[in-house]
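Sequences listed follow chains A and B, in order.
Heads up, the first sequence is in our numbering, so the first residue is 1 and it goes up one at a time.
Heads up, the second sequence is in our numbering, so the first residue is 422 and it goes up one at a time.
Right, one structure below, let's go through it.
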Amino acid sequence: MPDLVPTPDHQSQFIVVGTSVRKNLDVLQAHLTSLAWQEIPERTRLHFVYVPDWPQANPAEDYLRTWVKEREGEILRGSPTTANDFSDAPGIDSHSWALSSMRRVGQNKQRIIRRALELKADAVWYLDADILLDTTVLKSLLATEKPITTAVYWTRWSRRGSETRQIHAAPQVWLGHFPSGYELRGRGMDEAEFRQKLIDRQLTQVWGFGADTLVRRAVLETGISFDPLPDIPQQGLLAGEDRQFCIRAERMHIQAFADAWSDQFHVYHAPEDVVAIPEMLQRLGTPHPKKAQLGDLVSLKLEALEPVPHGNGQWQAMPRQHVRGRLGQIPLMPELEEAVYGLERGATRVVPVHFPVHHPLNYFRGRRRLIRLTLVDVKKFGFPPVLDAELFVGPMSGRVADTTTLTQQQLEGMKEVALAS
Amino acid sequence: MRLVTALLCKNEADRYLTRVLERCRSFSDQVLVLDDRSTDDTVAVAKAAGATVRERSILKDPAWGHETPARAELWQWMTEEAGDGWGLICDADMLLEGNPRDLIDTWEVSAWAFVLWDCWDGEHQARVDGPWAHGPLTPRPWLFRPSACVQDLAQWSGRGLHSGHAPTNLVGLIGVAPPDRYYWRHLAYSRKEDRVRKHAQYLDHSAQLSDFEKAHAMSIADA
């Protein structure tokens, strides 16, 4: 029997979206609203798979069941829920997880992996039910074409600072697990450099990542799991189910990337974050412009079409480059910059580019090369939620609190946003 | 930059010729059809579609089973018409997806390679098992700048079937057209009646086929 597959113009993607859910109705409702306004790439089908984890009857569960019924998806039965092993109550400093709750969430997420493999899904998008998304998160994650990609959001994980300890917003991606379970330095970077990359919305390799992660089928098929690793101390942050997943990925040399392009809001603390939901929904739900203008943020994909030398007389195709930044500030060849202004969001063009004799890449010097340019996304200049609130002293003040050793360009950008607001 | 597309055809009037020539005309300055003594309306159809038609001499062997001289003749004609421009070799049952005009604006490469999807039971699905797996995985050169990629007298494989549509002594860099956007939709096997005919044609000349080609030819008859 011949083995038949669709030709490229008819190839479709099937993505399982889901997580283990325990959120209250107001948060869940807001999350699902933002999930529903995602721009779905052509020939892409989403299948929602949720595992309820409410300790007792909750109107949110009924809402979720109805929401899934109206779309393509299913509700799976999870591990038995315990009432008192997790808390996000207003009185405490951060979310409190007992070991049993992390195990249970790990098992629930593992069920989603199993279901995705049964369904022959091309990817699983783990997405916690307390994240509010802008309209192009999924598109950006898919455009990175990496085995694992996490859409970055910023959260003040602890509520309280002290005289000697100021609490800053931190991303849900990190560079290493040891010793703390969450290291924003390492791999040749200090914390300031890592933060700068994320603030600049770059695509950056990471070794730790939390929720809001797209995992491709090839990774799922390795047998990767959220189960506890026998040689990792199961205490503190290291006991988290996502740590087990990340450490397994690292040990299998599976590359993971943080995609800091999208604007997202993590509804983490009640009531202060919950109060911000209506404002955030309004801000994040605004559709992105079709075309780019000077000063806009752009996400580009560049691909040199002609081969480049690879040593020993060998030639190879150039890997695709992901470029993000502010139009007018990112160092782009003039032909490419001009082409960006002419492209509609999502469109692709082949552009002949003249490289100057002083170009840093030896082989391109003085040559004219064909570059395939894709305008992945465009949006008005700004900083992601939470981070922006932290970095400005106040609207109209024009003063900036430099909490993360920002670059001069970042400081000027923030000043501009502060003055405009 | 000038772009010429060249096809070798025989008895293609009632298959895909009109569609293929229309597609070729959409991106080419000129379309050349070398007719291998068709007994149907191929010449008229090609002329009606705006192609420049040349008929092969009756003194020459038919191309099927004696392919090299016909391929060399087509190459020579395409080279003359392309001048310092580019030439695309196409078949009468192949539709090129993507616009090759974007690719020829280069001095870096002397040829471009494309992957190929063998359509099966329709035009939007392709066969990928066994010998058929090679098409989408192995880009082969189809688009040439003849003035740059052949520096010497053209040399040919001499084979009677699968002789290759370009000389064997190509020089310079061959680029790979991005396979997500540029690929051949090969329609030769998309209909069962065509497969039965093609299978019989290969069996008639099986002595000329390698083991791999024989396995491929035999699997054409798979239901």
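From the three backbone atoms N, C-alpha and C, an ideal C-beta is built for every residue, glycine too.
Straight-line gap, residue i to residue j (C-alpha atoms, nearest Å)
i: Phe194(A); j: Leu175(A); result: 9 Å
i: Val393(A); j: Tyr153(A); result: Per-residue confidence for Val393(A) stands at a pLDDT of 46, beneath the threshold of 50, marking its modelled position as unreliable; no derived number is given.
i: Ala513(B); j: His310(A); result: 37 Å
i: Tyr436(A); j: Ser531(B); result: Since the first residue of chain A shown is 1 and the last is 421, residue 436(A) is not available in this structure.
i: Leu442(B); j: Val452(B); result: 8 Å
i: Gln282(A); j: His288(A); result: 13 Å
i: Ala304(A); j: Leu370(A); result: 6 Å
i: Val308(A); j: Val357(A); result: 17 Å
i: Thr489(B); j: Leu591(B); result: 16 Å
i: Met499(B); j: Val425(B); result: 7 Å
i: Arg114(A); j: Trp125(A); result: 13 Å
i: Ser578(B); j: Gly585(B); result: 7 Å
i: Pro55(A); j: Asp85(A); result: 10 Å
i: Leu284(A); j: Arg45(A); result: 23 Å
i: Asp26(A); j: Leu336(A); result: 45 Å
i: Ser140(A); j: Leu509(B); result: 36 Å
i: Lys619(B); j: Leu582(B); result: 13 Å
i: Glu344(A); j: Thr135(A); result: 16 Å
i: Val5(A); j: Leu198(A); result: 39 Å
i: Arg248(A); j: Val571(B); result: 52 Å
Classification of residue i by the beta-carbon crowding that lies within 10 angstroms, buried from 16 upward
i: His607(B); result: buried
i: Leu480(B); result: exposed
i: Met396(A); result: Residue confidence is low: Met396(A) scores 41 on pLDDT, short of 50, so the model does not pin down where it sits. Its coordinate-derived value is still stated next. It is exposed - the Cβ of Met396(A) has fewer than 16 other Cβ atoms within 10 Å.
i: Gln110(A); result: buried
i: Leu294(A); result: exposed
i: Phe633(B); result: exposed
i: Met515(B); result: buried
i: Leu321(A); result: The residue you asked about is not Leu; residue 321(A) is Gln in the sequence shown. That one is exposed.
i: His444(A); result: The first residue shown for chain A is 1 and the last is 421, placing residue 444(A) beyond what the model contains.
i: Phe438(A); result: Residue numbering for chain A in the displayed model covers 1 to 421; residue 438(A) lies beyond these limits and cannot be assessed.
i: Gly398(A); result: Per-residue confidence for Gly398(A) stands at a pLDDT of 42, beneath the threshold of 50, marking its modelled position as unreliable; the derived number appears in the next sentence. Burial call: exposed.
i: Ser12(A); result: exposed
i: Ser101(A); result: buried
i: Asp520(B); result: The sequence as given places Asn at residue 520(B); Asp does not occur at that position. Exposed, because fewer than 16 other Cβ atoms sit within 10 Å of the Cβ of Asn520(B).
i: Trp538(B); result: buried
Where residue i falls: helix, strand or coil (DSSP)
i: Ile112(A); result: helix
i: Arg492(B); result: helix
i: Ala569(B); result: helix
i: Gln329(A); result: coil
i: Glu303(A); result: strand
i: Pro384(A); result: coil
i: Arg423(B); result: coil
i: Pro395(A); result: Model confidence at Pro395(A) stands at a pLDDT of 46, short of 50, so the residue's coordinates are unreliable and nothing is read from them.
i: Glu183(A); result: strand
i: Ala433(A); result: Lying outside 1 to 421, the shown extent of chain A, residue 433(A) is not represented and no answer is given.
i: Glu193(A); result: helix
i: Gln11(A); result: coil
i: His266(A); result: strand
i: Gln408(A); result: helix
i: Val16(A); result: strand
i: Lys291(A); result: strand
i: Gln172(A); result: coil
i: Trp553(B); result: helix
i: Val400(A); result: Here Val400(A) scores only 48 on pLDDT, less than 50, and its place in the model should not be relied on; the value that follows carries that caveat. DSSP places Val400(A) in strand when its eight states are reduced to three.
Integer Cβ distance of residue i from residue j, believed to fall under 8 Å
i: Arg201(A); j: Trp261(A); result: 5 Å
i: Asn432(B); j: Thr463(B); result: 6 Å
i: Ala598(B); j: Arg561(B); result: No, Ala598(B) and Arg561(B) are not in contact; Cβ-Cβ is about 11 Å, not under 8 Å.
i: Val511(B); j: Leu428(B); result: Checking the sequence, you will find Cys at residue 511(B) rather than Val. Their Cβ separation, rounded to whole angstroms, is 5 Å, which keeps Cys511(B) and Leu428(B) in contact under 8 Å.
i: Thr348(A); j: Leu373(A); result: 7 Å
i: Arg566(B); j: Trp507(B); result: 5 Å
i: Val206(A); j: Phe257(A); result: 7 Å
i: Gly181(A); j: Leu237(A); result: 3 Å
i: Ile112(A); j: Val219(A); result: Incorrect: roughly 14 Å between the Cβ atoms, too far for contact.
i: Leu327(A); j: Val340(A); result: 6 Å
i: Asp128(A); j: Thr204(A); result: Not a contact, Cβ separation roughly 21 Å.
i: Ala491(B); j: Val466(B); result: Contact flag wrong, Cβ pair sits at about 19 Å.
i: Leu138(A); j: Gln38(A); result: 5 Å
i: Pro384(A); j: Gln196(A); result: At roughly 14 Å, the Cβ-Cβ gap does not stay under 8 Å, so Pro384(A) and Gln196(A) are not in contact.
Any residues in the segment 517 to 548 of chain B with a beta carbon nearer than 8 Å to a beta carbon of chain A? Which ones, in chain order? Cβ contacts with chain A: Glu518, Asp523, Leu524, Asp526, Thr527, Trp528, Glu529, Val530, Trp538, Cys540, Trp541, Asp542, Glu544, His545, Gln546, Ala547 and Arg548.
Residues of the segment 302 to 322 of chain A in Cβ contact with chain B at a cutoff of 9 Å, in chain order, please. Residues passing the 9 Å Cβ filter: Glu303, Leu305, Glu306, Pro307, Trp315 and Ala317.
What residues from the segment 581 to 610 of chain B come within 7 Å of chain A, judged by C-beta to C-beta, listed N to C? Result list: Leu594, Gly596, Val597, Pro599, Asp601, Tyr604 and Arg606.
Beta carbons nearer than 8 Å to chain B: which residues of the segment 365 to 389 of chain A have them? Under the 8 Å Cβ criterion, the segment 365 to 389 of chain A contributes Arg367, Arg368, Arg369, Leu370 and Arg372.
Output needed in chain order: residues of the segment 10 to 24 of chain A with a Cβ under 7 Å from some Cβ in chain B. Result list: His10.
Near-chain A residues of the segment 549 to 578 of chain B (beta-carbon distance less than 7 Å), N- to C-terminal order: Hits within the stretch, in order: Val549 and Asp550.
Closer than 7 Å, Cβ to Cβ, to anything on chain A: give me those residues from the segment 633 to 644 of chain B, in chain order. The residues in question are Asp643.
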